[in-house]
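The working numbering numbers the first residue of the sequence shown as 89 and each following residue consecutively.
Structure first, commentary second.
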Amino acid sequence: MIPVILSMFGLGMIVGNIVGGRLADRGLEKTVRLLLIWAILVLSAYVYTSH
């Protein structure tokens with residue numbers, strides 16, 4: 089099970105780098121704002137899903 093989870097993590101990092109680079113090329117400030125909002129949403133979801 090651990091190799092599957094690590095593979096998913098690695099694929100997510102690869103896709104994130106590709107998508108993040110393309111979005112940053114289109115508009116850096118807009119991308120930073122969107123990623124900050126996304127991080128806030130994902131990290132606040134931990135509060136409700138941790139138990």
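Idealized CB from N, CA, C, for every residue including glycine.
Residue 138 carries a coil assignment under DSSP once its states are collapsed to helix, strand and coil. In the displayed model, residue 89 falls within coil according to three-state DSSP, outside both helix and strand. Beyond the five residues adjoining it in sequence on each side, residue 124 comes within less than 6 Å, by CB distance, of no other residue in the same chain.
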